[in-house]
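Remarks on the structure that follows.
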Amino acid sequence: MKHFRLSSPLAQIFPILTWLPHYQRDWLRADLIAGLTVWAVMIPQAMAYAGIAGVPPLIGLYAVPFPLFLYAILGTSRLMVIGPDSATALISGVTVSALVASGSQDYLVLTSAMAIIVGCCFLLFGSLKMGWVADFIPTPVMKAFVQGLVWVTIVGQIPKLLGLHSISGNFLQKLMQILEQLPQLHPLTALIGVLSLVLLFVLKTFVPQIPSALTTVILSSLGVTIFHLGEKGLDLIGAVETGLPHLSFPLVSLTQLNALLPGALAIVLLGYAESLGAAKTAAEKTGEDIDPNQELISLGPANIAAGLSSGFIVMGSLSKTWVAVAAGGKTQLSSLIQGILVLLTLLFLLPLFQNLSHTTLAAIVIDVMLGLVNLSYFKQLRYINQYEFAIALLAFTGVLIFGVLQGISLGVITSIIFLIYRASHPHTDVLGRIPETQMYRDINLHPEAIIIPGLLIFRFSNNLIFANANYFRTELKQKIRQASTPTQMVLIDAETINLIDSTALEMLRKLRVELMKDNIVLAWARLRDPLYQRMYRAGLIEEIGEHNFYERITDGVSEFTRQSSSTLPNHPTTDSIDTNPEIN
């Protein structure tokens, strides 16, 4: 598909100008089909996700149209679909429910206020070009967090599915309350809920071309109407007022604002990462360019509009974006069509949903969540990297035991601590020459590597900064002590060192003196120009001696062999050393 770049300043602010003037007539049919298809998925999901946020189903529909319009104008993705999201809806619900009673008017006000706060944060971060902020949630933590959210959400929906009383607490506490209440489940509610789940599974498995959620909603509502199940104790949405949402600004106190802010920041981090993932997934199919900072900005007005229209938080949806891609959508015109269809639904079609049961909506949420279950990821991660596996497991269990915000905070903080530890304790090794090759490798991994007596080739696999300067010195001295013969020269392979700070420079100055007292020469190979300039300005080049800096490891090896051959006749001669540039 033809794609256009953000060429003008106006197009950078309003990316819709990159494709709308060039819109082709033969794209219209594809965008219409994509808009209708996503609308069929959006309506039941928006109503169901409202339950996760703790607000009435109608609020879920209020959150859809205006954000769709704004993202179509401001977003850089040609196909990403935004709307209510299960993960961020849950964080919103958890945060707001800790402040006011669920179901109250204050709850609705704070939920809308949360969306506006999130939108303002997006605008601020986007204006400051802080698209990198999502990088602070590593992929293992993100995936573990989502897996934790999946099970927290499923357990939270089971009471609605089975007709139990409301539950509270963490995952384990909710699970215990469900087990205690099972003898009091409402048989009719449980029957409709389980049948809805079965129907969703059958439709998705055997008739995937049919929108399973919308079909289940229609069939369930028909069954309720025909058999008058509402009169038999089935909890229904009931009559709702048709019409567009009223635009209003939710008023909150400064205390409430401060209480909402931590949850809002967590939503921004998580939601931006999810949205960017959805946008990049679509971009892989369309070949377009995604501007991360513009994506931050576009999510700002979208969430502010959701809050002003009495809705709740919206984010880029991977599932609905994929539906748009699979349906053959071409541009954001499909999102404009979705928004118009939702407005028509609010104006004319709401009476069709009054016999929709809450247990069916719970079944839709559970079905979506089960589709996200991926516990095999933990098994794969354990095989790849046990440290990251431990962090992911910590984030996963943190969500289940301590809560949503605490879980992701635990994962992020642990990841940062681990990052600092790895930066301060990088890998070090002693290099030896692989026989009959030009390569120098870690002698622990390559026992056949040749070591020249008296010469220690030391590699430090990280930048040399204040956090690891002392570790560098300690590791080097330990390698010297472990050497099989007394060390006469230390040759530092500096290829992997891209940065050096003043703390490290001072350490190197002291290290040179310490080694000199032990009659050990400190030499360097493959030192990058920026490091050489910094060491030169610090006076270290002069102190170490410019003749002790070599372009290649083999140059240093040859010089050491030449100097020591007269006093150490058993050493290899220069002729036995390959003087070609090493491959390392």
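Residues in the sequence shown are numbered from 1 upward in steps of one, following the UniProt record's numbering. Glycine included, each C-beta is placed from N, C-alpha and C at the ideal position.
message = Only counting the same chain, and skipping five residues up and downstream in sequence, which positions put a Cβ closer than 6 Å to that of Leu-308?
response = Non-local beta-carbon contacts of Leu-308 in its own chain, meaning distances under 6 Å to residues more than five positions away in sequence, involve Leu-247 in chain order.
**Message:** Do Gln-332 and Ala-40 count as a contact pair if the criterion is CB distance below 8 Å?
**Reply:** Cβ atoms of Ala-40 and Gln-332: not closer than 8 Å.
Below 8 Å on the Cβ atoms is my contact criterion, and I expect Ala-392 with Pro-67 to pass it. Report the Cβ-Cβ distance as a whole number of Å. 31 Å between Cβ atoms; not a contact.
Exercise for the section: State the DSSP-derived secondary structure class of Gly-432, mapped to helix, strand or coil. Expected result: Strand, per DSSP.
| message | Among the candidates Thr-281, Leu-341 and Ile-364, whose CA atom is the shortest distance from the CA of Lys-204? | response | Answer by Cα proximity: Ile-364.
Let me check one thing: in DSSP terms, what residues is Pro-84 bridge-paired to?
Pro-84 pairs with Val-314.
| query | Met-507 lies in the alpha helix (DSSP H); which residues open and close that run? | reply | Per DSSP, Met-507 belongs to the alpha helix (DSSP H) from 502-517.
Just reading off the alpha helix (DSSP H) that Phe-389 is part of, what are its end residues? Where Phe-389 is concerned, the enclosing alpha helix (DSSP H) stretches over 386-401.
Item to complete: For Tyr-23, name the three-state secondary structure that DSSP assigns.
Response: Looking at Tyr-23 - three-state DSSP - the assignment turns out to be coil, as it is neither helix nor strand.
For Ala-326, I'd like the list of residues in its chain whose CB is within less than 6 Å of its CB, leaving aside the five on either flank, ordered along the chain. Excluding five sequence positions before and after Ala-326, none of the CB atoms of its chain fall closer than 6 Å to its own CB.
Please report the distance separating the alpha-carbon of Leu-341 from that of Val-38. Computed Cα separation, rounded: 10 Å.
*asked:* I need the straight-line Cα distance from Phe-549 to Leu-527, nearest angstrom please.
replied: Approximately 8 Å between the Cα atoms of the pair.
Quick one: measure Cβ to Cβ for Gln-147 and Leu-375, integer angstroms, because I've assumed they're closer than 8 Å.
With 8 Å as the limit, Gln-147 and Leu-375 qualify as a contact, their Cβ atoms being about 7 Å apart.
Whole angstroms are fine: how far does the CA of Arg-534 sit from the CA of Gln-24? The alpha-carbon atoms of Gln-24 and Arg-534 are separated by roughly 57 Å.
Cα-Cα separation between Pro-435 and His-446, rounded to whole angstroms: Distance between the alpha carbons of Pro-435 and His-446: 10 Å.
- Query: What number of angstroms, rounded off, separates the C-alpha of residue 586 from the C-alpha of Tyr-272?
  - Reply: Because the chain here runs from 1 to 584, residue 586 falls outside it and cannot be looked at.
* Asked: On the three-state DSSP scale, how would you describe Leu-491?
  -> DSSP places Leu-491 within a strand segment (E or B) once states are collapsed to three.
Which residue marks the beginning of the beta strand (DSSP E) containing Arg-473, and which one marks its end?
Bounds of any beta strand (DSSP E) do not take in Arg-473; it lies within the alpha helix (DSSP H) bounded by 469-482.
#### Entry: Buried/exposed call for Ala-279, threshold 16 Cβ in 10 Å
Counting the other Cβ atoms within 10 Å of the Cβ of Ala-279 gives 16 or more, which makes it buried.
Task: Burial state of Ile-416, where buried means 16 or more other Cβ atoms lie within 10 Å - done: By the neighbour-count rule (16 or more Cβ atoms within 10 Å), Ile-416 is not buried but exposed.
Open item on the list: Buried or exposed, going by whether 16 or more other CB atoms sit within 10 Å of the CB of Pro-187?
Closed with: So Pro-187 counts as exposed.
* Quick one: give me the first and last residue of the alpha helix (DSSP H) that Asp-555 is part of. => That run of the alpha helix (DSSP H) goes 553-564.
(Q) Between the alpha carbons of residue 592 and Thr-554, how many angstroms are there, rounded? (A) A question about residue 592 goes unanswered here, because the residues of the chain that appear run from 1 up to 584.
Q. With burial defined as no fewer than 16 other Cβ atoms inside 10 Å of the residue's Cβ, what is the status of Pro-159: buried or exposed?
A. Label assigned to Pro-159: buried.
Given a threshold of 16 other Cβ atoms within 10 Å of its Cβ, counted over all protein chains shown, does Gly-545 qualify as buried or as exposed? Gly-545 should be labelled exposed.
Reduced DSSP secondary structure (H/G/I, E/B, other) of Asn-584: In this predicted model, Asn-584 has a pLDDT of only 47, less than 50, meaning its place in the structure is not dependable enough to derive any value.
Sequence-distant residues of the same chain with beta carbon closer than 8 Å to Thr-465, five excluded per side | Residue identity differs from the one stated: residue 465 is Ile in this sequence, not Thr. Excluding positions up to five away in sequence, the list reads Ala-423, Leu-499, Ile-500, Asp-501, Thr-503 and Ala-504.
Practice problem: Let me know if His-358 comes out buried or exposed under the rule of 16 or more other beta-carbons within 10 Å of its beta-carbon. | Solution: Result: buried.
Classify Phe-227 as buried or exposed, calling it buried when 16 or more other Cβ atoms lie within 10 Å of its own Cβ. Phe-227 is exposed by the Cβ-count criterion.
Legend entry - Exposed unless 16 or more other CB atoms sit within 10 angstroms - verdict on Ile-384: Per the 10 Å Cβ criterion, exposed.
Item to complete: Would you give the residue range spanned by the alpha helix (DSSP H) that Ala-11 belongs to?
Response: It spans 9-13 - the alpha helix (DSSP H) in which Ala-11 sits, taken as one unbroken run.
**Prompt:** Counting Cβ pairs closer than 8 Å, one from the stretch 178-186 and one from the stretch 154-168, do we hit at least three?
**Reply:** A contact exists between the stretch 178-186 and the stretch 154-168.
For this session: Measure the alpha-carbon distance for Ala-48 versus Asp-26 and round it to whole angstroms.
Result: Near 35 Å, if we compare the C-alpha coordinates of Asp-26 and Ala-48.
If you run the structure through DSSP and keep just helix, strand and coil, what is Ile-16?
Of the three classes helix, strand and coil, the one that applies to Ile-16 here is helix, per DSSP.
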